[in-house]
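Notes to accompany the following structure.
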Amino acid sequence: VQLVESGGGLVQPGGSLRLSCAASGFTFNTYEMNWVRQAPGKGLEWVSFISSGGRTIYYADSVKGRFTISRDNAKKSLYLQMNSLRAGDTAIYYCASPMSAGGHWGQGTLVTVSS
Amino acid sequence: DIQMTQSPSSLSASVGDRVTITCRASQGISNYIAWYQQKPGKVPKLLINAASTLQSGVPSRFSGSGSGTDFTLTISSLQPEDVATYYCQSYNSARWTFGQGTKVEIK
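In the order they appear, the protein sequences are chains P and D.
53 is the number of the first residue of the first sequence in this note's numbering; add one for each residue after it.
1294 is the number of the first residue of the second sequence in this note's numbering; add one for each residue after it.
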């Protein structure tokens, strides 16, 4: 199983970024997926969930209305569109598979929101 | 939403000591709890899922127990390579919740 995130970088407050997570080594289209983040020096925070078919989606209150999770099962890819970014969104963002798929995490991609 | 209260926030113990970290869920989560180890600059590593199932390759000095609301991660004999921050995670719903973390150091 491999999960590879990309798309992080430096963005100004109010800006947008789109993160991607490329999955391999398991039947991606049969499992729900999650995004988890970790601010510098802080703990782990769950961000968002999407069901295997993409019809059921949940967000943490801290990102609701600003972030959008999506997936493309044909491309075995997970996405996180992040809009109206704030300094408090600065973190490493991980995509993570459920326990039923082995509980694997990617290596993470760093998002820095700063002027 | 479920809250996970993890304690202590940090601890210092000697090599060979038995170390215990606890996590309490705000409501019953059956055995839907996992424990992770995170070393500085590294990705969290899954140690235990389903409260007590040790992942392949994880040393047997690590063990987990509990059900319902109270859970424990035990390191039976602390080793220098166990210095890390440990997190519990509930996954009985789609909205995962993590404990605040426990930083383990060697005395």
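Glycine residues also receive a C-beta, built at the ideal position from the N, C-alpha and C atoms.
Contact check, D/Gly-1394 vs P/Gly-95 under 8 Å by CB: the rounded distance?
Within the second sequence, numbered from 1, the residue matching residue 1394 of chain D stands at position 101. Within the first sequence, numbered from 1, the residue matching residue 95 of chain P stands at position 43. About 5 Å separates the two Cβ atoms, so the contact holds.
For D/Gly-1359, I'd like the list of residues in its chain whose CB is within less than 6 Å of its CB, leaving aside the five on either flank, ordered along the chain.
Within the second sequence, residue 1359 of chain D is the residue found at index 66, counting from 1. Ala-1344 and Thr-1365, listed in sequence order.
Report yes or no: do three or more beta-carbon pairs, one from the segment 1307-1315 of chain D and one from the segment 84-99 of chain P, lie closer than 8 Å?
no
For P/Ser-166, is the classification buried or exposed, using 16 other Cβ atoms within 10 angstroms of its Cβ as the cut-off for buried?
As a first step, residue 166 of chain P must be located in the first sequence, where it is residue number 114. Classified as exposed, P/Ser-166 has fewer than 16 neighbouring CB atoms from the shown chains inside 10 Å of its CB.
So, for D/Leu-1339: in the same chain, excluding its five sequence neighbours on each side, which residues have a beta-carbon less than 7 Å away from its beta-carbon?
Here the question's residue 1339 of chain D lines up with position 46 in the second sequence. Once the five neighbours on either side are set aside, the close Cβ partners of D/Leu-1339 are Ala-1327, Tyr-1329 and Gln-1348.
Taking just the CA atoms, how far does P/Gly-155 sit from P/Arg-138?
Counted from its first residue, the first sequence places residue 138 of chain P at position 86. Counted from its first residue, the first sequence places residue 155 of chain P at position 103. Between P/Arg-138 and P/Gly-155, the C-alpha separation is close to 29 Å.
How many angstroms separate the CA atom of P/Phe-80 from the CA atom of D/Phe-1355?
In the first sequence, counting from the first residue as 1, residue 80 of chain P sits at position 28. In the second sequence, counting from the first residue as 1, residue 1355 of chain D sits at position 62. The alpha-carbon atoms of P/Phe-80 and D/Phe-1355 are separated by roughly 30 Å.
Would you grab the beta carbon distance between P/Gln-54 and P/Ser-76 for me? Rounded to a whole angstrom, and I think it's under 8 Å.
Within the first sequence, residue 54 of chain P is the residue found at index 2, counting from 1. Within the first sequence, residue 76 of chain P is the residue found at index 24, counting from 1. That belief holds up - the Cβ atoms of P/Gln-54 and P/Ser-76 are roughly 5 Å apart, short of 8 Å.
With DSSP collapsed to three states, give me the class of D/Gly-1309.
Numbered from 1 along the second sequence, position 16 holds the residue referred to as residue 1309 of chain D. Of the three classes helix, strand and coil, the one that applies to D/Gly-1309 here is coil, per DSSP.
Going along the chain, which unbroken runs of the alpha helix (DSSP H) with 4 or more residues stay wholly within the segment 90-163 of chain P?
none
Distance cutoff 7 Å, beta carbons only. Does D/Leu-1339 sit that close to anything in chain P?
Residue mapping note: residue 1339 of chain D aligns to position 46 of the second sequence, counting from 1. Yes, D/Leu-1339 lies at the interface with chain P (some Cβ there is under 7 Å from its Cβ).
For the segment 54-79 of chain P, list every residue whose C-beta sits within 9 Å of some C-beta in chain D, in sequence order.
Flagged: no residues at all.
Where does P/Ser-100 land, buried or exposed, given buried means 16+ other C-beta within 10 angstroms?
The count along the first sequence starts at 1 and reaches residue 100 of chain P at position 48. Counting every other CB atom within 10 Å of its CB across the protein chains shown gives P/Ser-100 a total of 16 or more, marking it as buried.
Would P/Gln-64 be called buried (16 or more neighbouring beta carbons within 10 Å of its own) or exposed?
If you number the first sequence from 1, residue 64 of chain P lands on position 12. With fewer than 16 Cβ atoms within 10 Å of its Cβ, P/Gln-64 is classed as exposed.
Beta-carbon within less than 8 Å of P/Ala-112's beta-carbon, same chain only, minus the 5 sequence neighbours each way: which residues are those?
For this step, residue 112 of chain P is matched to residue 60 along the first sequence. Closer than 8 Å at Cβ, skipping near neighbours: Glu-97, Trp-98, Val-99 and Ser-100.
Buried or exposed: which applies to D/Glu-1398, given that a residue is buried once 16 or more other Cβ atoms fall within 10 Å of its Cβ?
As a working mapping, residue 1398 of chain D is identified with position 105 in the second sequence. D/Glu-1398 comes out exposed.
Please state the DSSP three-state secondary structure of P/Phe-80.
Position 28 of the first sequence, counted from the start, is the residue given in the question as residue 80 of chain P. P/Phe-80 falls in the helix class under three-state DSSP.
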